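J.: First, the structure itself, so that you have it in front of you.
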Amino acid sequence: MNNAINQPQTILVLGGNSDIARAIVAELSSPALKTVVLACRDAASADTSGFANDVEIATITFDATKHALHASMIEEVAAEHGDLDVVIQAFGQLGLDVADDPVAAANLVTVNYAGAVSSGLAVAAQLRKQGHGTLVVLSSVAGVRTRASNFVYGSTKAGQDAFATGLGHSLHGSGANVMTVRPGFVRSSMTKGMQEAPFTIDVSDVAKAVANGLKKGSSVVWAPAKLRGVFALLKFAPDFVWRKLDS
Amino acid sequence: MNSEQLALTGWGRTTPSVASLVDISADELTQTGVLERLDQSGRGIIARGMGRSYGDPAQNGGGSVVRISDGKIEVNSARGSVRVGAGISLDTLLREIIPLGWFVPVTPGTRFVTVGGAIAADIHGKNHHVDGSFGSHVQEMTLLLADGTQRSLSPTGEHTNLFWATVGGMGLTGIILDATFSLIPIETRHCVVTNERVPDFDTLIEKMIASDHLYQYSVAWIDLCATGSSLGRALLASANHASLDELRVMNPKQTTDPLAYSPPMLADIPSVVPNVFNKLTIKAFNELWYRKTPKLQHHTETLTGFFHPLDMVGWWNRLYGRNGFIQYQFVVPDNAVDTLRSIVEKVAAHGHASFVNVLKRFGPGSGGYLSFPTSGWTLTIDIPSGVDGLDTLLNELDEMILGVGGRHYLAKDAQLTPAVIRSGYPRLDEWKAIRRTVDPNGRWASDLARRLDLL
Ligand SMILES: Cc1cc2nc3c(=O)[nH]c(=O)nc-3n(C[C@H](O)[C@H](O)[C@H](O)COP(=O)(O)OP(=O)(O)OC[C@H]3O[C@@H](n4cnc5c(N)ncnc54)[C@H](O)[C@@H]3O)c2cc1C
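Respectively, the protein sequence lines represent chains A and B. Throughout, this note's numbering is defined as the position within the first sequence, counted from one, plus 1. Throughout, this note's numbering is defined as the position within the second sequence, counted from one, plus 2.
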């Protein structure tokens, strides 16, 4: 249960090694935080270092492509650690070379989109049962308007984003919430070596935006906040302009 | 029975959770199979009174929250006691008993609490230093147990442990159905009140120690914005019930119908208002409040004016806007005055405490395992929930309070941790053991219980 100043006691991270998710956990840390559960493809690969001393760090195996196991995994975590106050959906792959590889592209869809849907529904069922809690979905501006350079990835994010916002509506009145986060280019180990885009930010900036959004009960958070206005325009820019911007 | 899925909060309006809110008569509640049906989700059941506790004790996300919708009031004038349904509010009760010449043994700062809530939180009033808490006046109560059976409990009878686990037990031992408790005889609906402006903290402490045993009621409104030489300046209010003779002398116009009681309601705050409290408005309010009282005033006040001034404005909690607010209440031992002063300094330096800040001296505790009151100083602080630095401030206060053997009030809490509660309530494990004997399968549950690891 969150306390009266919106500090969670229990956080579950789907994609436990995600830099952004870990920065969010750090931002949400307080004496109220009891448990962080890191769900990774292989529980043993979860990096349990770097968290506050008195917080219990638990790990569990979570494979985004094993959809059949998602519901039972969430139930297991809740049975063991109690109500989930914040769940961060942070797993995903960039799939930089999939545009010419139909099978790899479909696999990316299975991880980023199908995995988000099945784990998202499993989390929603638990939060609904609790009557409280927030699912934080790390979407991306890449899904707001897809680009030639990463359109398969962008399309998975578009799907995940549409799913997340719709899920939020379906949970209205249940006490459970969904917060969809749309970061721009974020410096992290996932994007290391890639060329930075305008409005590039650090993981800690995303984390602050998320913490702030949780405090305010936002349903959508852009990081940086400016991107909201930028994409309001870009979304409707003519195709040739969009292609030019992307090149 | 009437049930509805609803987001519930406490009076501080901070942490909503959605539960099935069930209004049910005591008769229906006690029929076989009803508890099973209410607990279909497996998330448990908790009783709720009028939701006047500040945090989450009367919420139960995903489960059932039960309000008793009926109840009788049976006054026994010969014994000076009353038997009341647990869902009855002190407001309803007072309207019935004041005209008969009786007053409740303990009243909080609002009449809008139920008898069940009063026992479950073992509430205290301005007379705690003389009369103790609500639980001390309960002679008998009926508790609905997790298995659907009922048990009659008394303070010294066969089930004395369960009685004292239920007094202050925050609804987690079962649902109180009714209670019999003693009343205070009164001759008028007035109090003889002495109000005094006190210029600083040390004078306040001195005066309270020197004088509070002379009055049945005593409390200080403390200005937590004042700093420097005015640190801890306060209005000390001390009172006794006015006898008819006193009223004749002090306020003869009021003697025609001295026990008539119809508490006024001035206004309701609408449901959506922005937070009106910031450092400036809070400071101005405290300044005004302090100045409005003459240096020394000796007069009569109505019971409403003295005990329940806040009740004249309905839903004043909405003035804190969407983020809601926290009421932080603790007690430290009598000899911890220096710590108390440091706390007042810290809060004043932070500058966000608002307007219902109250200092009171408690007498000895009642014997409830989780009862809050115990000999010493209790301070109550209201702070808007969204302000900067609140978590750091409260964590520092927690440490100072626990360091001198103090504790926090569960009925007000909305932000403590299991460790802080454990340290403040050394009998927690004994209480848990008693609780488990009557609820082995976890039928009772609340957000508070989950948050603070009470089950
Ligand atoms: C303006 C204001 C001033 C206050 N002043 C004081 C004060 O001076 N002193 C003080 O001690 N408190 C004070 N309080 C707090 C208040 O007295 C307590 O929180 C009280 O418990 C509220 O009663 P309620 O009926 O609203 O109960 P709720 O807030 O609805 O519930 C409180 C607890 O009681 C339990 N409960 C309720 N009914 C039953 C039942 N039938 N059986 C078992 N458990 C039950 C609930 O499960 C919950 O744990 C104040 C509150 C306000 C808003």
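Glycine included, each C-beta is placed from N, C-alpha and C at the ideal position. The structure displayed is predicted, hence computed values, not measured ones.
Within 8 Å: the Cβ of residue 9(A) and any heavy atom of ligand 1?
T.: no
J.: Just checking: is the beta-carbon of residue 452(B) within a distance shorter than 9 Å of some beta-carbon in chain A?
T.: Residue contact with chain A for residue 452(B): present (Cβ-Cβ distance below 9 Å to some residue of chain A).
J.: Are the C-beta atoms of residue 268(B) and some chain A residue less than 9 Å apart?
T.: no
J.: Does residue 32(A) get closer than 9 Å to chain B when you measure Cβ to Cβ?
T.: yes
J.: Residues of chain B with a CB under 7 Å from the CB of residue 6(A): which are they?
T.: 387, 392, 393, 417
J.: Tell me residue 37(A)'s beta-bridge partners as DSSP assigns them.
T.: 12(A), 58(A)
J.: When DSSP labels each residue in this structure, what does residue 65(A) get in the three-state scheme?
T.: coil
J.: Does ligand 1 have even one heavy atom less than 8 Å from the beta-carbon of residue 32(A)?
T.: Residue 32(A) Cβ: outside cutoff for every heavy atom of ligand 1.
J.: Since residue 181(B) sits in a beta bridge, which residues does DSSP pair it with?
T.: Paired residue(s): 86(B), 143(B).
J.: Would you mind stating whether residue 91(B) and residue 105(B) have Cβ atoms separated by less than 9 Å?
T.: no
J.: Considering just the uninterrupted stretch of the beta strand (DSSP E) at residue 219(B), what are its terminal residues?
T.: 219 to 224
J.: Going by the C-beta, is residue 52(B) closer than 8 Å to any heavy atom of ligand 1?
T.: yes
J.: What are the residues in the stretch 92 to 112 of chain A lying within 8 Å of chain B by C-beta distance?
T.: none
J.: Helix, strand or coil: how does DSSP classify residue 330(B) here?
T.: strand
J.: From which residue to which residue does the alpha helix (DSSP H) around residue 152(A) run?
T.: 152 to 171
J.: Considering only the alpha carbon of each residue, which of 137(A), 38(A), 149(A), 58(A) lies closest to residue 181(A)?
T.: 137(A)
J.: Please name the residue or residues paired with residue 153(B) in a DSSP beta bridge.
T.: Partner(s): 145(B).
J.: Could you have a look at residue 462(B) and say whether DSSP puts it in helix, strand or coil?
T.: No answer is possible for residue 462(B): it lies beyond the span of chain B, which begins at 3 and ends at 457.
J.: Kindly indicate which three-state DSSP category residue 33(B) falls into: helix, strand or coil?
T.: coil
J.: Comparing the C-beta of residue 175(A) with each C-beta of chain B, is any distance below 9 Å?
T.: Yes - at least one Cβ of chain B is within 9 Å of the one on residue 175(A).
J.: Given a cut-off of 9 Å on the beta-carbon distance, is the pair residue 470(B) and residue 116(B) in contact?
T.: In this structure chain B extends from 3 to 457, so residue 470(B) is not present and cannot be described.
J.: Does the beta-carbon of residue 174(B), which I'm using as the reference point, lie nearer than 8 Å to any heavy atom of ligand 1?
T.: yes
J.: Closer than 8 Å by beta-carbon distance: list the chain B residues that pair up with residue 130(A), in chain order.
T.: 43, 45, 64
J.: Looking only at DSSP bridge pairs, what is residue 193(B) linked to?
T.: 243(B), 303(B)
J.: In whole angstroms, what separates the C-alpha of residue 128(A) from that of residue 225(A)?
T.: 28 Å
J.: DSSP state of residue 429(B), grouped into three classes?
T.: Residue 429(B): coil per DSSP, three-state reduction.
J.: Using only CA atoms, which one of 234(A), 171(A), 25(A) lies nearest to residue 90(A)?
T.: Considering only alpha carbons, the answer is 25(A).
J.: Report the neighbours of residue 19(B) on chain A: residues whose CB is nearer than 8 Å to its CB, in chain order.
T.: 2, 131, 132, 133, 176
J.: Identify which residue in 376(B), 192(B), 260(B), 219(B) has its Cα closest to the Cα of residue 240(B).
T.: 219(B)
J.: Helix, strand or coil, according to DSSP, for residue 348(B) in the structure here?
T.: helix
J.: For residue 191(A) and residue 17(A), what's the separation of their Cα atoms in angstroms?
T.: 13 Å
J.: Do the stretch 241 to 254 of chain B and the stretch 203 to 213 of chain B meet, that is, are 3 or more Cβ pairs less than 8 Å apart?
T.: Segments in contact, no.
J.: Using the beta-carbon count (16 or more within 10 Å), is residue 41(B) buried or exposed?
T.: By the C-beta density criterion, residue 41(B) is buried, having at least 16 other C-beta atoms within 10 angstroms.
J.: At which residue ranges does the stretch 400 to 444 of chain B contain complete beta strand (DSSP E) runs of 3 or more residues, listed in the order of the chain?
T.: none
J.: Please confirm whether any heavy atom of ligand 1 lies closer than 8 Å to the CB of residue 385(B).
T.: no
J.: Please name the residue or residues paired with residue 187(B) in a DSSP beta bridge.
T.: 104(B)
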